[in-house]
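A.B. asks: Before I ask anything, let me first share the structure, which is written out below as structure tokens.
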Amino acid sequence: MRLFTSFLINKLFLVCGMFVFFGISSAKKPAAKKGIDFYNGNYQEALEKAEKEEKLVFVYLYANWCGVCKSLKKNTLKDKEVGSFYNEEFINLALNAEKGEGKIIAESIGLQSYPTLLFLNGGDGRILNRVSGYKTPIQLINLGKIYTQ
């Protein structure tokens, strides 16, 4: 009887241990904020928000098929330091330059290459700078610092 009780206690500890292990390992942890947090509203709303918060607007114009755009998004726009700087200093907007509002903006500025990055004055949307092509995280941060210091 004593051997049987010991066997049951060992099995009980094993089962409880499995519940604890799987319960802890499957618990969702909040994701660390990384990269640029792009505004979900439209272009005009982004300009208004920037004016209200006394910030500039950063616009990332891309195309889904663009390999350089994909690299920029993966390596630079998702960089923690880039996100920290741009989220603090700008209202950020990502627009597909071949659809909807993005297409209208692309046509209005005579977009010729992807990706194109725009730095705009909040409120009136005046273009302060327009840059095309891939940028490293430090290059993008340095570009942003031109307008924020």
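For what it's worth, full-length UniProt numbering labels the leading residue of the sequence shown as 1, then goes sequentially. Glycine is no exception: its CB is placed at the ideal position from the N, C-alpha and C atoms.
Rounded to the nearest angstrom, what separates residue 126 and residue 119 at their Cα positions?
C.D. replies: Working through the sequence shown from its first residue, we reach residue 126 at position 126. Working through the sequence shown from its first residue, we reach residue 119 at position 119. Computed Cα separation, rounded: 9 Å.
A.B. asks: In whole angstroms, what separates the C-alpha of residue 70 from that of residue 114?
C.D. replies: Indexing the sequence shown from 1 puts residue 70 at position 70. Indexing the sequence shown from 1 puts residue 114 at position 114. Each residue's alpha carbon lies about 10 Å from the other.
A.B. asks: Please give the ranges of any alpha helix (DSSP H) in the stretch 71-120, keeping only runs that are unbroken, at least 4 residues long and fully inside the region.
C.D. replies: 80-89, 100-109
A.B. asks: Classify residue 131 as buried or exposed, calling it buried when 16 or more other Cβ atoms lie within 10 Å of its own Cβ.
C.D. replies: For the purposes of this step, residue 131 is taken as residue 131 along the sequence shown, with counting starting at 1. It counts as exposed.
A.B. asks: Residues in the same chain with beta-carbon distance under 7 Å from residue 65, minus the five sequence neighbours each way, listed in chain order, please.
C.D. replies: Residue numbering aside, residue 65 sits at position 65 when the sequence shown is read from its first letter. The beta carbon of residue 65 lies closer than 7 Å to none in the same chain, with the five residues before and after it left out.
A.B. asks: Could you check the C-alpha separation between residue 107 and residue 54 for me, to the nearest Å?
C.D. replies: Along the sequence shown, one-based indexing puts residue 107 at 107. Along the sequence shown, one-based indexing puts residue 54 at 54. Each residue's alpha carbon lies about 27 Å from the other.
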